[in-house]
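Participant: Got a structure for you, written out below as structure tokens; questions coming shortly.
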Amino acid sequence: MPKVTIDNITIDVAPGTTILNAARMIGENVPPAMCYYSKLQGSGGKCRVCLVKVTKSSEQNPRGMPKLVASCCTQIADGMVVENVTSPEVIEARKGIVELLLINHPLDCPVCDQAGECHLQDLSYEHGAATTRYDFGRRTFDKIDIGPYIQLHMTRCILCYRCVYTADQLTNERRHGIINRGDAAEISTYIQNVIDNDFSGNVIDVCPVGALTDKTFRFKSRVWFTKPVNAHRNCDKCSGKVTLWFQGEEVLRVTGRKDKYGEVEEFICNTCRFETKQKSDWVIEGPRRIDTHSVIAQNHLPYELDVVHPQIEAAQ
Amino acid sequence: MSRLKILTEHIHKPEITGIEGYIKNGGYRAVEKALKKMQPDEVTEEVKKSGLRGRGGAGFPTGMKWSFIFKGSDKPRYLLCNADESEPGTFKDRLLMEKIPHLLVEGMIASSFALGVRTAYIYIRGEYMYILHILQQAIDEAYAKGYLGENILGTSYSLDLHVHPGGGAYICGEETALIESLEGKRGNPRIKPPFPAVEGLWGCPTIVNNVETICKVPFIINEGGEAYAKIGIGASTGTKLISACGNINKPGVYEIELGVPVEEFIYSDEYCGGIKGGKQLKALVPGGSSVPILPNRLITTTAKGEPRLMSYESLADGGFATGSMLGSGGFIVFDEDQCVVRNTWNFSRFYHHESCGQCSPCREGTGWMEKILHRLEHGHGRMEDIDLLWDVQRKIEGNTICPFGDASAWPVAAAIRHFRDEFEWHVLQPQEATRRNYGMGRSAEPIEQVTA
Ligand SMILES: Cc1cc2nc3c(=O)[nH]c(=O)nc-3n(C[C@H](O)[C@H](O)[C@H](O)COP(=O)(O)O)c2cc1C
Ligand code: SF4
Ligand code: SF4
Ligand code: FES
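Going down the list, the sequences are from chains U and F.
The C-terminal residue of the first sequence carries number 315 in numbering that gives the first Met the number 0, and the numbering is unbroken.
The C-terminal residue of the second sequence carries number 451 in numbering that gives the first Met the number 0, and the numbering is unbroken.
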């Protein structure tokens with residue numbers, strides 16, 4: 000099996016694996032990913048936050064690659080050497096990209112339902128500067144209701160295309176796409192309000208920011224005040240395996256089960272997500288773990304307790 | 000002195016647009032020769048020998064590109080002609096297609112034969128709709144004469160050729176965006192690899208070539224690759240169409256032998272005829288809006304003091320520090336009364352407008368650059384803006400999906416690099432800067448010799 004070294008850690012991976020997935024197998028210093036989504040074919044390559052430096056292309060070709068490459072869509076080769084957090088150039092570029100992602104972002108986290116589980120928020124904490132150098136007007140769009148359950152807040156969108164791939168790949172009729180160009184590009188439905196499909200709610204889960212939100216949860220609570228619990232039920236449309244977000248005894252929200260990269264393990268149907276909100280409808284399995292990178296990690300059980308560094312715990 | 004013209008020799012004859020006139024002037028001999036006397040690989044071999052390089056901007060060796068076409072599957076192969084010509088300053092393909100459309104048709108047939116292509120497309124920018132009709136007429140004539148369709152000239156080779164208009168997006172000139180657009184999708188560049196030569200149109204092996212590149216093929220077949228390689232200079236073989244514009248006496252499209260000194264090209268009566276009104280030359284964009292702008296002192300001589308020539312190598316001499324690129328041959332000349340800040344703003348406005356918006360650095364960065372440049376040009380700039388602008392372009396360059404990001408960053412970087420004094424003047428004299436232009440500034444000052 001080909002060997003690849005990322006930030007001085009070497010691992011054997013199957014041919015065809017991307018650098019990002021190899022890093023995920025190593026499990027440390029994993030590049031962030033705002034657009035790649037392993038369950039969505041063709042996703043990735045767009046946000047550029049996963050850029051890494053290849054200092055050696057392969058055993059045969061000891062030269063590195065001239066530019067930083069998107070780790071989510073660059074395949075490894077035997078003997079490849081990659082720098083992620085060990086490369087100041089990568090950190091610098093990533094910081095720049097986070098800055099660019101934020102210039103037109105409304106930064107309305109205080110009123111955004113995604114706050115607390117937003118990848119852009121996490122990234123900004125890690126790489127962003129405390130102030131902005133952008134002093135022009137920000138791009139804004141009107142809010143759009145797409146169907147009874149989903150709200151599109153285009154102003155917050157980072158155009159990762161995940162929801163487009165979701166709509167394309169989970170539903171039969173394509174009604175959701177991107178119109179216009181450049182920084183005027185926007186997510187749009189063919190005719191407003193027509194996404195009605197049993198699996199349309201998954202666009203909310205794949206959205207890394209608060210551009211697509213759950214209308215049944217809108218403004219109900221901040222996510223860090225809710226308690227995530229794994230649960231399941233018998234469902235004839237999907238696996239029925241979900242995460243319930245409780246406040247007291249009340250189920251405020253139902254989502255797919257997100258792994259530590261924020262990807263759902265399985266897509267769930269709209270009935271489970273929007274219409275099954277009685278605690279009695281569900282068989283509770285146990286608490287849900289939360290990625291330690293997340294800004295809401297504090298009150299929640301983290302993933303893989305063994306990799307949590309003691310000093311961080313002490314600081315908290 | 001009359002110079003060798005490969006593409007434009009007959010271009011001013013009125014009859015050349017029709018197939019009879021074209022044949023009378025030696026047209027379609029290359030198709031006869033290739034299909035009847037040559038093997039497809041022999042055609043590719045001649046193109047390799049010719050040293051022909053892509054005329055769409057990147058200058059990639061055409062024969063080598065052709066040899067990459069994946070032959071290991073039984074999927075159909077496609078040849079796409081890139082006639083999207085949308086780079087500001089570039090208007091050379093238009094001349095060929097408008098005046099001598101059969102040259103392109105002939106080139107497409109011969110090239111398709113070499114590549115084993117059964118169906119080929121010309122993707123033309125939507126604004127050239129009238130030219131689409133000219134091309135369609137030429138194609139119809141070629142079908143009627145048996146140069147297209149089943150069993151061309153009685154051989155076993157068959158080819159269908161279609162023209163397809165774009166919807167008016169510069170980005171659809173990027174080859175993978177062009178493919179997406181041709182497939183009926185949104186014109187977003189694809190992530191490479193896979194490269195089109197392996198997985199292009201409808202997932203099949205595909206070659207994309209510029210109009211001018213394809214139009215060179217008939218000559219190479221007729222006269223041989225070696226004859227072509229003798230023209231030009233070094234690795235810049237053959238002739239190149241240059242669309243010259245700006246403050247010159249004779250704007251227009253010129254076919255030059257590569258290697259002509261830039262000085263001669265600008266000042267001789269055979270070409271641009273000097274700067275209009277006898278003014279001073281301030282700056283030059285030699286290869287379309289995407290390439291770095293050069294200040295006066297680096298135009299006719301390189302930093303090493305050698306004469307600057309119209310060739311891929313000489314124009315790029317000095318790298319980004321003191322050189323530029325031949326690009327697509329959009330030659331834009333600026334006299335002493337032009338404002339570099341305004342021009343850079345204008346270019347950045349174009350890139351902001353044309354970014355496909357797929358990847359974040361380009362989508363967000365192009366707009367930011369435009370806004371900063373607008374502010375500088377209109378007298379509201381601050382000193383920090385210059386460094387900020389530098390920083391923003393640096394964050395785009397090299398970090399994007401397609402070369403558009405670089406193309407939007409390079410002109411800004413070069414303008415700051417060579418004309419910083421003019422930017423600073425816009426900040427220091429905001430009132431004056433809105434009333435008059437800066438003039439030559441330090442553009443003509445000799446370069447400081449830096450020892451490494
Ligand atoms: C943003 C962008 C725009 C482009 N526009 C054109 C164009 O209008 N015409 C063209 O021939 N090539 C254009 N190109 C270059 C093409 O991608 C491609 O390299 C070229 O068509 C290949 O043909 P050649 O090898 O014959 O030059 C563009 C590239 C980029 C990145
Ligand atoms: S709405 Fe969300 S998922 Fe869709 S493109 Fe925008 S950020 Fe991505
Ligand atoms: S660099 Fe610009 S034009 Fe190219 S894919 Fe990215 S956003 Fe689109
Ligand atoms: S995750 Fe790789 S580019 Fe977005």
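Using N, Cα and C, we set each Cβ at its ideal position, and we do this for glycine too.
Remember, it's a predicted structure, so these values are computed and weren't measured experimentally.
Note down, one range per segment and in chain order, each beta strand (DSSP E) of at least 3 residues found wholly within the region 41-104 of chain F.
Facilitator: 77-82
Participant: For Thr130(U), count the other beta carbons within 10 Å of its own beta carbon; 16 or more makes it buried, fewer makes it exposed. Which is it?
Facilitator: Under this definition Thr130(U) is an exposed residue.
Participant: Count the other C-beta atoms from every protein chain shown that fall within 10 angstroms of the C-beta of Gly81(F), then say buried if there are 16 or more, exposed otherwise.
Facilitator: The question names Gly, but residue 81(F) is Asn in the sequence shown. The residue in question, Asn81(F), is buried, as its Cβ has 16 or more Cβ neighbours within 10 Å.
Participant: Using a C-beta to C-beta distance shorter than 9 Å, which residues of chain F count as neighbours of Arg252(U)?
Facilitator: Here the premise fails: no neighbours, minimum Cβ distance about 29 Å.
Participant: Could you confirm whether any beta carbon from chain F is found closer than 8 Å to the beta carbon of Phe135(U)?
Facilitator: yes
Participant: Are the CB atoms of His101(F) and Tyr21(F) nearer to each other than 8 Å?
Facilitator: Yes, Cβ-Cβ distance for His101(F) and Tyr21(F) is below 8 Å.
Participant: Given that a residue counts as buried once 16 or more other Cβ atoms are within 10 Å of its Cβ, and exposed if not, what is Leu94(F)?
Facilitator: So Leu94(F) ends up on the buried side.
Participant: Give the single residue among Ser242(F), Glu173(F), Leu387(F) whose Cα lies nearest to the Cα of Lys91(F).
Facilitator: Ser242(F)
Participant: Identify the contact partners of Ile75(U) in chain F, using a Cβ-Cβ distance below 9 Å as the criterion.
Facilitator: Result: empty, since nearest Cβ-Cβ is about 13 Å, beyond 9 Å.
Participant: With three or more beta-carbon pairs closer than 8 Å as the criterion, would you say the region 257-265 of chain U touches the region 227-243 of chain U?
Facilitator: yes
Participant: What is the residue span of the alpha helix (DSSP H) that Met24(U) lies within?
Facilitator: 18-25
Participant: Give a yes or no on whether the minimum CB-CB distance between Arg180(U) and chain F is below 8 Å.
Facilitator: yes
Participant: If we count the other Cβ atoms within 10 Å of its Cβ and call it buried at 16 or more, is Thr343(F) buried or exposed?
Facilitator: Its Cβ being crowded by 16 or more others within 10 Å, Thr343(F) is buried.
Participant: What residue does the alpha helix (DSSP H) around Val197(F) start on, and which one ends it?
Facilitator: Premise fails: Val197(F) is in no alpha helix (DSSP H) and is neither H nor E.
Participant: From the DSSP secondary-structure annotation, give me the bridge partner or partners of Glu330(F).
Facilitator: Checking the sequence shown, residue 330(F) turns out to be Phe, not Glu. Paired residue(s): Ala243(F).
Participant: Quick one: does the C-beta of Ala166(U) sit closer than 7 Å to a heavy atom of ligand 2?
Facilitator: no
Participant: Helix, strand or coil for Ala109(F), going by three-state DSSP, please let me know.
Facilitator: helix
Participant: How about Leu99(U) and Gly364(F): are their beta carbons less than 8 Å apart?
Facilitator: A distance below 8 Å separates the beta carbons of Leu99(U) and Gly364(F).
Participant: Would you give the residue range spanned by the beta strand (DSSP E) that Arg252(U) belongs to?
Facilitator: Start and end: 249-254.
Participant: If you compare alpha carbons, which of Thr16(F), Asp83(F), Ser155(F), Pro291(F) is closest to Val452(F)?
Facilitator: As shown, chain F starts at 0 and ends at 451. That puts residue 452(F) outside it, with no answer to give.
Participant: Mapping the DSSP letters down to three states, classify Cys49(U) as helix, strand or coil.
Facilitator: coil
Participant: So Ser70(U) and Val51(U) are supposed to be a Cβ contact under 8 Å. How far apart are they, rounded?
Facilitator: 5 Å
Participant: In terms of residue numbering, what span does the alpha helix (DSSP H) encompassing Ala183(U) cover?
Facilitator: Per DSSP, Ala183(U) belongs to no alpha helix (DSSP H) and is neither H nor E.
Participant: Output the distance between the C-alpha atoms of Met368(F) and Trp409(F), rounded to the nearest integer angstrom.
Facilitator: 12 Å
Participant: For ligand 5, any of its heavy atoms closer than 7 Å to the Cβ of Thr399(F)?
Facilitator: Ligand 5 is not part of this structure, which contains only ligand 1, ligand 2, ligand 3 and ligand 4.
Participant: CB-CB under 7 Å to Trp65(F), same chain, minus the five flanking residues each way: which ones, in chain order?
Facilitator: Thr43, Val46, Ala113, Leu114, Ile206
Participant: Please report how far the alpha carbon of Glu31(F) lies from the alpha carbon of Leu152(F), in whole angstroms.
Facilitator: 8 Å
Participant: Just checking Cys361(F) against ligand 3 - is the residue's beta carbon closer than 7 Å to any of the ligand's heavy atoms?
Facilitator: The answer is yes for Cys361(F).
Participant: So Ile247(F) and Gly273(F) are in contact, right, with Cβ under 8 Å, and what is the actual spacing, rounded?
Facilitator: 7 Å
Participant: Strictly under 8 Å for the Cβ-Cβ distance: is Arg132(U) near chain F by that measure?
Facilitator: yes
Participant: Roughly how many angstroms lie between the CA atoms of Pro207(U) and Lys38(U), to the nearest whole one?
Facilitator: When the Cα atoms are used, Pro207(U) and Lys38(U) turn out to be separated by approximately 14 Å.
Participant: Contact check, Ala196(F) vs Ile68(F) under 8 Å by CB: the rounded distance?
Facilitator: 5 Å
Participant: To the nearest angstrom, report how far apart Ile311(U) and Pro286(U) are at their CA atoms.
Facilitator: Any reading at Ile311(U) must be qualified, since the residue scores a pLDDT of 35, below 50, and its modelled position is unreliable; no value is offered.
Participant: Check each candidate in Ser289(F), Gly258(F), Gly251(F), Val290(F) and name the one with the smallest Cα separation from Cys271(F).
Facilitator: Gly251(F)
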